Structure formats: structure tokens, C-alpha cells
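Participant:
Chains as they are written, first to last, in the numbering used here: chain A, 63 to 401; chain B, 63 to 401.
Right under this line is the structure:
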């Protein structure tokens with residue numbers, strides 16, 4: 063294991079003016095720090111998309127119907143969603159795991175698709191707990207299994223993504239519950255919401271968090287389960303297992319950041335293995351990343367989810383790792399530093 | 063040829079919330095607009111690094127000696143410079159063309175390296191014109207030959223980079239001369255400059271521009287030649303030929319932007335084929351891009367040159383092009399837009 067001082071010294075020894083690769087050097091340093099080596103690795107890698115439906119959609123918190131979840135899963139598996147395209151272009155394996163949608167089982171390759179239904183959608187968290195602690199444990203376990211399988215198959219870097227109409231609502235609840243975000247910051251428009259939808263969403267989120275909060279200290283899992291989503295919990299379990307195995311994790315957007323908050327709460331220190339792929343235009347995302355102490359690779363006002371914010375960062379991580387591996391030092395050139 | 067309205071409509075028809083890929087959609091739109099098609103192409107591609115030395119180094123405008131130019135060329139050709147590493151990781155062909163260094167001819171593959179010395183370094187622009195109009199024409203022609211050769215060999219996207227200790231000084235002159243930048247904004251620290259070096263650099267730049275300015279209207283080439291660098295002029299010729307052939311051009315940093323100003327001045331409209339790979343931390347760069355009407359792909363405070371700011375953008379352009387080529391539309395899914 064190497065310290066930050068060794069990493070900075072090495073970056074400053076390379077054949078370039080000091081600091082002249084800007085943020086690319088910061089990313090290289092982060093990879094080196096996570097992996098404890100001056101030769102970090104970013105491949106092979108996989109993005110696992112966890113999908114589920116949300117009972118809270120019936121409370122009118124989103125512009126899109128739940129049926130879109132199923133249609134988008136089929137599109138992802140057909141290689142024609144944004145995430146499939148970005149996975150392909152960045153040489154990242156993609157896999158979709160259904161932990162609780164209302165859709166039918168699909169006919170797809172088993173290395174691409176797994177159906178592991180914890181329950182068929184969450185309950186409407188506006189009215190009752192979204193899931194039980196037993197559901198939470200099951201979803202967490204599916205996520206953990208996925209991380210362990212990927213690592214066993216050689217992956218050295220992992221990311222997760224989400225598919226589930228309505229999932230910015232439970233994510234906003236988690237942001238309020240675990241990162242103390244005010245409701246106005248935690249609740250954003252998600253995949254699209256007009257003023258009336260936004261007003262309902264704020265009421266639902268603040269009401270549910272008020273019910274969950276008293277449980278947080280003594281029954282944190284129950285408190286989180288009451289406002290979460292199945293794909294969010296599976297992602298949290300996935301991150302926890304990857305972090306425990308020492309694997310580098312690339313976060314996606316707002317839903318992914320909410321999952322990371324759960325991971326860090328239940329397995330403190332997991333954030334040390336994480337890189338934030340991007341910061342989205344969903345208002346609460348930047349605030350969660352600040353809470354986690356993570357600086358995003360890109361700030362491009364993306365807000366699609368589906369792992370796209372992690373996938374777009376992958377070639378930039380490759381570039382950062384390659385600099386550390388392959389660049390000459392000034393000493394190799396026989397030149398002293400002049401700046 | 064298709065218009066902006068068609069491009070925007072197509073982006074809004076894809077299976078994602080409207081605008082949810084943020085800047086990635088803007089880049090896709092720019093590629094489509096430049097190439098006049100909804101299926102833009104980003105490969106095969108090449109970055110040509112033009113190298114030269116600068117007489118003005120003897121005026122004490124930089125922290126590094128001219129001998130570093132030659133050492134860095136050898137490092138680039140050995141595949142161990144930042145640009146070689148980023149070219150390799152982004153599947154971009156790299157080639158170095160020496161248009162006027164003081165270094166020896168190197169032994170390297172002819173597809174990697176060309177020696178086409180216009181003159182051995184420029185004259186010291188603090189005291190006399192950096193080059194004659196005949197030198198300017200020769201350097202321009204080398205750049206043009208390189209663009210034509212690359213296009214003939216199948217390249218669909220071209221970038222240029224620079225190697226030449228001292229070249230932010232002529233670039234600052236060009237920024238003042240052609241983009242009306244004030245001296246304080248045009249002159250930055252380059253590869254490293256303390257307060258004393260910066261003060262000398264400002265004096266040299268403002269003095270040289272004052273001499274060049276009266277010629278600008280009637281003898282623009284002579285005015286530009288008097289404050290330019292050989293690699294900058296070769297880059298300008300390279301851009302002009304690429305633009306005339308309708309090829310997509312990716313700009314690098316401050317030196318590249320200065321070259322683009324020359325191209326646009328002598329071949330108006332060339333900027334329509336250009337994408338800015340990044341905006342550097344060199345103070346004048348953002349101002350030149352604003353003048354050219356170009357929005358950078360990345361704002362990462364890089365300032366290395368050598369084509370690195372163009373190369374780091376390449377995989378992001380690939381991602382943008384892939385979205386247009388491969389994503390499903392909402393109509394394919396049988397869903398109406400809800401946002």
C-alpha cells in the first residue's frame with residue numbers, strides 16, 4: 063500500500079510541467095490511492111444495472127408510467143439503450159438484474175440478464191413501508207452475489223446503474239434520511255416532472271422521511287427499508303461487497319449516490335473504494351457527493367441514470383491509468399524540473 | 063446536409079428523457095452538424111504534432127530551455143510522452159512533423175515521423191520578425207500536405223498538437239493580434255513562469271504586437287508571420303486543408319486555438335468544421351474559444367499541449383457518435399414522450 067505523498071511525488075516526476083494534466087492527474091491519483099499502487103488497473107470491468115418497480119408511482123410522483131421500466135429493460139438487452147451503447151463503446155461488460163419489476167421474464171442470454179425478483183415492486187412508500195427488513199436483506203444479498211460473481215470472473219472495476227420508473231423518489235428520501243439534505247434540495251424533477259408533480263413528490267418524500275426518521279438510530283435497516291427501492295438496496299449490497307473485496311467502484315448518478323449512502327451507513331469506510339463518475343443535474347446529487355467527500359469526474363448535466371454517468375467516465379479512467387503506467391519521467395530524459 | 067432543427071428533433075426522439083444526456087447530446091449535435099449527417103463518424107483519426115523551436119526563448123520568456131523540445135520529440139516517438147499514451151489508449155494514430163527545431167534528425171518510422179524543416183527555429187520576435195512570408199508559406203504548405211495525406215489514407219477526423227518550448231509567447235501575440243485580447247489575458251504562465259518571467263513575457267508580447275498591428279489590414283500574412291511560430295503556422299495550414307476537405311477537426315489547447323485564429327482569418331468559415339477538445343488553464347484560451355464561438359468538450363485545467371487536450375476528448379466523441387448511431391427511439395418502443 064502506498065500513501066498520497068508517494069503518488070503526488072510520482073505524478074510530479076513525469077515528463078510534463080507540474081500539474082499540467084489538471085483533473086486527469088487527480089483521477090490518476092484517486093485510482094492509485096484506491097488500489098494502493100502506482101499501476102492501477104481499470105479493466106476488465108462490468109456495469110450491473112439493477113431494475114425494479116416502485117409502488118409510489120401510484121402517488122403521482124413521475125411523468126412516466128411504470129410500464130416504461132419493462133420496455134427499457136428490453137431495449138437495454140437489445141443493445142439499443144443509452145447504457146448498452148456506452149458500455150459497448152467503452153469496452154465494459156453490461157448485465158441487467160431484475161430484482162423486482164412488474165414485467166415478464168425476458169428471453170435473453172444468461173450472462174446479460176438475471177431475474178432475481180425479491181418482490182414485485184415496492185409498496186407505496188407514501189402510505190406504508192416500501193419493503194420489509196427481510197426484503198431489504200434479500201435485495202442486498204442479490205447485489206452482493208453480483209459483485210462476487212463479477213470479481214470471480216476477473217473484473218477489476220465495477221459499476222452499477224438503475225432502471226426503475228419512480229426511483230428518484232426513494233432516492234430523495236434516502237438523501238434526506240442519511241445525508242440530512244433539506245427536502246427542496248433532495249427532491250428534483252427526475253426523468254421529468256411539472257410543478258404539480260414536484261409538489262406531490264415533495265409532500266410524499268417529506269412525509270415518508272418523517273415516519274422513518276425516529277427508527278434510524280436503533281433500527282437503521284428498517285428505517286432505510288421503509289423508504290428505499292429494491293434496485294437501490296441491491297446496488298448498496300453490490301457496492302458493499304465490492305468495497306470489502308478491495309475492488310474499485312465507479313458511481314453513476316443520483317440513485318447510485320443514494321445507494322452509496324446506504325453502503326457507507328451500514329459498512330463504514332466503503333466510500334474509500336469509490337470514484338464518482340459524474341455529477342448530474344438532479345439537485346441532490348452534488349450535495350450527496352459532497353457528503354461522501356467525492357469529486358466527480360464529469361459535470362455534464364446528465365440525468366439519465368442506467369449507468370450512463372459511470373460509463374461515460376470509463377475511457378477517462380483508462381486514460382488516467384495509462385499515464386501512470388506508460389509515461390516517461392523527467393529523470394528518464396535526463397532533465398531537471400524547471401517549473 | 064441536415065439542419066440543426068432536424069438534429070435536435072432526432073435527439074429528442076431517442077429513448078431517454080429529453081436532454082437527459084446533457085453535454086453529451088450537445089457534442090453529438092455538433093458532430094452531426096459538422097458532418098451534415100445523423101450518423102457522424104469519428105474514426106479512423108490522426109493527431110499530427112508539429113514541432114519547432116522559438117528564437118524568443120533567448121528573451122527569457124519561459125522556465126524551460128529549448129533543448130527540451132528535442133528530448134520531448136524523442137520521448138513522443140518512443141511512445142512515452144503524455145500524447146503518445148493518450149493516442150494509444152484512444153485508438154488515434156499519432157505522427158510528429160518537425161518543421162523547425164534545432165534538434166538532430168531522429169531515426170524513427172516514416173509513418174510516425176517526418177522532418178520538414180522550414181528553418182531552424184524562428185528569429186527572436188522580441189527583436190525582429192519571427193519569420194518571413196516565404197517561411198510562413200512553406201510552413202503552411204507542410205501542414206496542408208499532412209492534412210491531405212491523412213485524408214488520403216482514410217482519416218475522417220483530424221487533430222493537431224504542438225511541441226516547442228516557448229510557443230505560448232507567439233500564441234499570445236496571435237491572440238492579441240487576431241482576437242483583440244488584452245495583454246494581461248493573452249499572456250499566461252505556459253509551461254511554467256515566475257513573476258519575473260511573466261513580466262518579461264508581457265513586455266515582449268505587447269512590443270511585438272505593437273509592431274505587427276499596423277501591417278494587419280494590408281499585409282495580414284506578414285503581420286502574423288512576424289509574431290508566429292513555425293509549428294503554429296503549419297497547424298493553421300493543416301486546419302485549413304482539413305476544413306476545405308470537409309473533415310472534422312478537434313482543437314487542442316492555447317497554441318492550437320491561436321492556429322485556428324490564423325486559419326479563420328485566412329480561410330474564413332473554417333471554424334465551422336471545428337470542435338474544441340478542451341479549455342485549458344492558460345488564461346487566453348477560453349477567450350479565444352469564445353471569439354471562435356466554440357464550446358469546449360472538457361474544462362479540466364489541463365495545460366500540457368502536445369495534442370493531449372484533443373486526445374482526451376476522443377473517446378467522448380466516440381460515445382456521442384455511438385448514441386446517434388445505435389440508440390432506439392421512443393417510437394421503436396411504442397411509447398409517447400411524457401416529459
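Every residue, glycine too, gets a C-beta built ideally from N, C-alpha and C.
Bear in mind that the values here come from a model prediction, so they are computed numbers and not experimental data.
Any beta-carbon of chain A closer than 9 Å to the one on residue 218 of chain B?
Facilitator: It does not; no Cβ of chain A falls within 9 Å.
Participant: When you compare only the Cα positions, how much space is there between residue 333 of chain B and residue 305 of chain B?
Facilitator: Cα-Cα distance, rounded: 8 Å.
Participant: Under 9 Å between C-beta atoms, does residue 75 of chain B make it to chain A?
Facilitator: No, residue 75 of chain B does not count as interfacial toward chain A.
Participant: So with CB distances below 9 Å, who are the chain B contacts of residue 317 of chain A?
Facilitator: Residues of chain B passing the Cβ test: none, with the nearest at roughly 13 Å.
Participant: Look at the alpha carbon of residue 203 of chain B and the alpha carbon of residue 130 of chain B, and state the distance between them as a whole number of angstroms.
Facilitator: Rounded to whole angstroms, residue 203 of chain B to residue 130 of chain B spans 26 Å at the Cα level.
Participant: With a Cβ-Cβ cutoff of 9 Å, do residue 185 of chain A and residue 117 of chain A count as a contact?
Facilitator: A contact, by the Cβ cut-off of 9 Å.
Participant: From A:139, A:162, A:168 and A:165, pick the residue whose C-alpha is nearest to that of residue 155 of chain A; which is it?
Facilitator: Of A:139, A:162, A:168 and A:165, the residue nearest in Cα terms is A:139.
Participant: In this structure, how does DSSP classify residue 155 of chain B when only helix, strand and coil are distinguished?
Facilitator: Residue 155 of chain B falls in the strand class under three-state DSSP.
Participant: With 9 Å as the C-beta to C-beta threshold (strictly closer), list the residues of the stretch 132–153 of chain B near chain A in chain order.
Facilitator: Of all residues in the stretch 132–153 of chain B, 133, 134, 136, 137, 140, 141, 142, 143, 144, 146, 147, 148, 150, 151 and 152 have a Cβ within less than 9 Å of some Cβ in chain A.
Participant: Quick check: is the beta carbon of residue 364 of chain A nearer than 9 Å to any beta carbon in chain B?
Facilitator: Yes, contact with chain B.
Participant: Given a cut-off of 9 Å on the beta-carbon distance, is the pair residue 145 of chain B and residue 369 of chain B in contact?
Facilitator: For residue 145 of chain B and residue 369 of chain B, yes; Cβs fall inside 9 Å.
Participant: Please list, in chain order, all residues of the same chain as residue 350 of chain B whose beta carbon is under 8 Å from its beta carbon, the five residues on each side excluded.
Facilitator: Hits under 8 Å: 237, 241, 243, 316, 319, 320, 322 and 323.
Participant: What would DSSP say about residue 162 of chain B, mapped onto helix, strand or coil?
Facilitator: Strand at residue 162 of chain B.
Participant: Around the C-beta of residue 110 of chain B, are 16 or more other C-beta atoms found within 10 angstroms, so that it is buried, or is it exposed?
Facilitator: Looking at its Cβ environment, which holds 16 or more other Cβ atoms inside 10 Å, residue 110 of chain B is buried.
Participant: Sort out for me which residues DSSP pairs residue 175 of chain A with in a bridge.
Facilitator: Its beta-bridge partners are A:158.
Participant: With distances taken between CB atoms, is the gap from residue 182 of chain B to residue 194 of chain B smaller than 9 Å?
Facilitator: In this structure, residue 194 of chain B does not lie closer than 9 Å to residue 182 of chain B by Cβ.
Participant: Going along the chain, which unbroken runs of the beta strand (DSSP E) with 3 or more residues stay wholly within the stretch 296–339 of chain B?
Facilitator: Those beta strand (DSSP E) runs which fall completely within the stretch 296–339 of chain B and span 3+ residues are 310–313.
Participant: Would you list, in chain order, the members of the stretch 365–389 of chain A that have their beta-carbon closer than 9 Å to a beta-carbon of chain B?
Facilitator: So the close ones are 365, 366, 367, 368, 370, 373, 374, 376, 377, 378, 380, 381, 383, 384, 385, 387, 388 and 389.
Participant: For the putative contact between residue 312 of chain B and residue 331 of chain B, defined by C-beta atoms under 8 Å, what is the C-beta separation to the nearest angstrom?
Facilitator: Incorrect: roughly 18 Å between the Cβ atoms, too far for contact.
Participant: Could you tell me whether the stretch 355–373 of chain B touches the stretch 217–224 of chain B, using the rule of 3 or more Cβ pairs below 8 Å?
Facilitator: Because the criterion of three Cβ pairs below 8 Å is met, the stretch 355–373 of chain B and the stretch 217–224 of chain B touch.
Participant: Using C-beta distances below 8 Å, list every residue in its chain close to residue 174 of chain A, excluding the 5 sequence neighbours before and after it, in chain order.
Facilitator: 139, 156, 157 and 158, listed in sequence order.
Participant: Could you name each continuous alpha helix (DSSP H) segment of 4 residues or more that falls completely within the stretch 227–305 of chain A, going from the start of the chain to the end?
Facilitator: Complete alpha helix (DSSP H) runs here, min 4: 230–241, 245–248, 257–274 and 282–289.
Participant: For residue 277 of chain A versus residue 285 of chain A, is the C-beta distance shorter than 9 Å?
Facilitator: Contact: yes.
Participant: So which residues on chain A does residue 85 of chain B lean against when the C-beta distance must stay under 9 Å?
Facilitator: Residues of chain A passing the Cβ test: 360, 361, 362, 363 and 364.
Participant: Kindly indicate the opening and closing residues of the beta strand (DSSP E) around residue 114 of chain B.
Facilitator: Element bounds for residue 114 of chain B: 107–114.
Participant: With 7 Å as the limit, tell me which residues of the stretch 230–261 of chain A have their beta carbon closer than that to any beta carbon of chain B; keep them in chain order.
Facilitator: Against chain B - using a Cβ distance shorter than 7 Å - the residues of the stretch 230–261 of chain A are 253 and 254.
Participant: Is the Cβ of residue 127 of chain A closer than 9 Å to any Cβ of chain B?
Facilitator: So yes, residue 127 of chain A belongs to the interface.
Participant: Can you give the Cα-Cα distance for residue 353 of chain B and residue 69 of chain A, rounded to whole angstroms?
Facilitator: In a straight line, the C-alpha of residue 353 of chain B is about 39 Å away from that of residue 69 of chain A.
Participant: Skipping 5 residues on each side, what residues in its chain have a beta carbon closer than 7 Å to that of residue 95 of chain A?
Facilitator: Contacts found: 66 and 69.
Participant: By the criterion of Cβ-Cβ separation under 8 Å, what are the contact partners of residue 71 of chain B in chain A?
Facilitator: Neighbours of residue 71 of chain B on chain A: none; closest Cβ ~18 Å, over 8 Å.
Participant: Opposite residue 223 of chain B in the DSSP bridges: which residues?
Facilitator: Looking at the DSSP assignment, residue 223 of chain B forms a beta bridge with B:111.
Participant: Counting C-beta neighbours from all protein chains within 10 Å, is the total for residue 143 of chain B 16 or more, i.e. buried, or is it exposed?
Facilitator: It counts as buried.
Participant: How about the stretch 244–251 of chain B and the stretch 267–275 of chain B: do they share at least three Cβ pairs that are nearer than 8 Å?
Facilitator: The stretch 244–251 of chain B, when compared against the stretch 267–275 of chain B, does touch it at the 8 Å Cβ threshold.
Participant: By a C-beta neighbour count over all protein chains shown, 10 Å radius and 16 as the cutoff for buried, is residue 209 of chain A buried or exposed?
Facilitator: It counts as buried.
Participant: Quick check on the DSSP output: the alpha helix (DSSP H) that includes residue 373 of chain A runs from which residue to which?
Facilitator: First-last of the alpha helix (DSSP H) with residue 373 of chain A: 370–373.
Participant: Can you tell which of A:262, A:207 and A:137 has the C-alpha that lies nearest to the C-alpha of residue 120 of chain A?
Facilitator: Per the Cα distances, A:262.
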